[in-house]
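Visitor: Shown below is the structure under consideration.
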Amino acid sequence: MLADLLEFQGANAFKIRAYRNGARVIKDYPDSINSIIEEDPASLLSIDGIGKGVAEKCVVLVETGELPQINEILEEIPRSVLDLLRIPGMGPKKGAMLYRELGIANLDQLKEACKAGVVSDLKGFGAKTVESILAGIEIADAANKRVYWAKADETARQILDHMQRCGEISKIELAGSYRRRRETVGDLDILVVSENAEVVMDHFGAYHLVESVIGRGDTKMSVRIEESLQVDLRVVPADSFGAALQYFTGSKDHNVVLRGLAKQRGLKINEYGVFKIDGDKETYVAGATEEDVYAAMELPVFPPELREAR
4 MLADLLEFQG ANAFKIRAYR NGARVIKDYP DSINSIIEED PASLLSIDGI
54 GKGVAEKCVV LVETGELPQI NEILEEIPRS VLDLLRIPGM GPKKGAMLYR
104 ELGIANLDQL KEACKAGVVS DLKGFGAKTV ESILAGIEIA DAANKRVYWA
154 KADETARQIL DHMQRCGEIS KIELAGSYRR RRETVGDLDI LVVSENAEVV
204 MDHFGAYHLV ESVIGRGDTK MSVRIEESLQ VDLRVVPADS FGAALQYFTG
254 SKDHNVVLRG LAKQRGLKIN EYGVFKIDGD KETYVAGATE EDVYAAMELP
304 VFPPELREAR
């Protein structure tokens with residue numbers, strides 16, 4: 004985000020490139036950057052592609068959860084311009100041109116200007132570009148309530164890295180629309196197997212980007228993190244983990260189809276497992292793994308991306 008905002012402002016190209024390259028190195032680095040900073044922040048400089056400026060900002064971000072430089076920039080330009088940058092293919096340069104030349108600072112203004120034919124008068128904004136922008140605005144509108152998968156993936160990896168440092172977890176997976184790799188993600192669903200739910204939830208709540216705790220029970224905890232993304236954590240029994248993973252991965256339509264098929268087979272399927280129905284008696288059949296769940300249903304394991312029942 005910092006590199007994009009600097010480019011939006013027209014900052015030094017060398018500095019922008021350094022931050023962008025640094026972000027790419029960090030994203031692709033095999034080890035946890037958070038762990039490196041916790042153990043020895045100075046060792047960041049030994050990573051090829053990480054300079055002093057990028058290293059310092061990494062430390063500040065991990066320790067405080069924010070970058071003052073981003074806040075300073077957003078005091079000079081409307082925060083809503085970030086929505087412009089979320090439009091696929093827009094980029095900071097085009098976003099800056101719209102802002103400077105036409106005073107466009109949000110999606111509503113951009114949509115109105117596109118429909119009025121004002122945007123197509125700008126250099127580099129032809130009819131096809133405007134058509135693409137209008138389609139992108141629809142996606143960006145959805146992303147105001149949801150986040151793009153790539154952003155959710157970045158956040159999910161950071162949370163997983165944090166959670167894997169809790170010694171009380173034997174299994175952990177992400178579910179929901181994130182696992183189905185939908186274009187946008189409304190929230191993150193994390194499933195955990197543990198004998199000590201309280202310790203796991205304490206560790207979850209200690210994640211440095213948690214802004215607020217929405218709710219906490221015996222086995223479920225919901226928090227809101229940066230950019231208002233909700234993250235739900237559920238602690239489930241080992242023999243229900245696969246069933247819970249299947250259920251909370253969804254989609255709802257896919258699960259409706261499975262329940263119908265289960266009924267035809269004299270079975271019941273839910274987040275706790277697959278059960279054989281004999282009158283009023285329910286006998287556990289499977290649930291520890293997704294493979295077991297689908298096998299009990301006499302079905303192949305559908306890839307999460309295909310579980311939309313379309």
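Numbering (the working numbering), first residue to last: 4 to 313.
Backbone N, C-alpha and C fix where the C-beta goes; we use that ideal spot for every residue, glycine too.
So the candidates are I272, D31, L232; which of them puts its Cα closest to the Cα of D192?
Guide: Residue L232 is the option with its Cα nearest to D192.
Visitor: Under a Cβ-count criterion, where at least 16 other Cβ atoms within 10 Å of its own Cβ denotes burial, should I272 be classed as buried or exposed?
Guide: buried
Visitor: Count the CB pairs spanning the segment 155 to 171 and the segment 122 to 135 that are closer than 8 Å, and state whether there are at least three.
Guide: no
Visitor: Give a yes or no on contact between the segment 203 to 219 and the segment 242 to 258, applying the rule of three or more CB pairs nearer than 8 Å.
Guide: no
Visitor: For S35, name the three-state secondary structure that DSSP assigns.
Guide: Note: S35 maps to coil in three-state DSSP.
Visitor: Mapping DSSP to helix, strand and coil, what is Y287?
Guide: strand
Visitor: Judging by CA-CA distance, which residue of V234, D190, L194 is the nearest neighbour of Y210?
Guide: V234
Visitor: Per the DSSP calculation, M224 is bridged to which residue(s)?
Guide: Note: M224 sits in a beta bridge opposite R219, L236.
Visitor: Once DSSP output is grouped into helix, strand and coil, what is the label at D3?
Guide: Outside the shown range of the chain, which is 4 to 313, sits residue 3, and nothing can be said about it.
Visitor: Select from G68, L8, A21 the residue whose C-alpha is nearest the C-alpha of N37.
Guide: Nearest neighbour of N37 by Cα position, chosen from G68, L8, A21, turns out to be G68.
Visitor: Taking the Cβ atom as the reference point for each residue, do V57 and E41 lie within a distance shorter than 9 Å?
Guide: no
Visitor: May I ask you to list the residues that DSSP assigns as paired with T187?
Guide: Y151
Visitor: Helix, strand or coil, according to DSSP, for N15 in the structure here?
Guide: N15: coil per DSSP, three-state reduction.
Visitor: Give me, in chain order, the residues of the same chain whose beta-carbon lies closer than 6 Å to that of E198; leave out the 5 immediate sequence neighbours on both sides.
Guide: none
Visitor: Here's a check: name, in chain order, each residue in its chain whose Cβ is nearer than 8 Å to the Cβ of E301, leaving out the five neighbours to either side.
Guide: R268
Visitor: According to DSSP, is D51 part of a helix, a strand, or is it coil?
Guide: In the displayed model, D51 falls within coil according to three-state DSSP, outside both helix and strand.
Visitor: Whole angstroms is fine: what's the gap from A241's alpha carbon to L194's?
Guide: 11 Å
Visitor: Determine the burial state of G92: buried for a count of at least 16 other Cβ atoms within 10 Å of its Cβ, exposed for fewer.
Guide: Burial call: exposed.
Visitor: Can you tell me whether D43 is helix, strand or coil according to DSSP?
Guide: coil
Visitor: Distance, Cα to Cα, K284 vs R262?
Guide: 18 Å
Visitor: Between N109 and S135, is the Cβ-Cβ spacing less than 9 Å?
Guide: Taking a C-beta distance under 9 Å as the contact criterion, N109 and S135 do not qualify as a contact pair.
Visitor: May I have the straight-line CA-CA distance separating E10 from A16, to the nearest angstrom?
Guide: 8 Å
Visitor: Closer than 6 Å by C-beta to A99: which residues in its own chain qualify, once you throw out the five before and the five after it? Chain order, please.
Guide: F11
Visitor: With burial defined as no fewer than 16 other Cβ atoms inside 10 Å of the residue's Cβ, what is the status of K97: buried or exposed?
Guide: buried
Visitor: In terms of residues, what are the limits of the alpha helix (DSSP H) holding I76?
Guide: 71 to 79
Visitor: Quick one: measure Cβ to Cβ for D190 and A143, integer angstroms, because I've assumed they're closer than 8 Å.
Guide: Not quite, the Cβ-Cβ distance comes to about 18 Å (not below 8 Å), so this is no contact.
Visitor: Just verifying my parser: in three-state terms, what is the DSSP assignment at N199?
Guide: coil
Visitor: What is the rounded straight-line gap between the Cα of V277 and the Cα of Y32?
Guide: 40 Å
Visitor: I need the boundaries of the alpha helix (DSSP H) containing E294, first residue and last residue.
Guide: 293 to 299
Visitor: Under 8 Å Cβ to Cβ from E308, same chain only, skipping five residues before and after it: list those, please.
Guide: R183, R184
Visitor: V213 bridges to which residues according to DSSP?
Guide: Answer by DSSP bridge pairing, in chain order: I228.
Visitor: In terms of residue numbering, what span does the beta strand (DSSP E) encompassing K174 cover?
Guide: 172 to 177
Visitor: Where does V150 land, buried or exposed, given buried means 16+ other C-beta within 10 angstroms?
Guide: A residue is called buried when at least 16 other Cβ atoms come within 10 angstroms of its Cβ; V150 meets this threshold and is buried.
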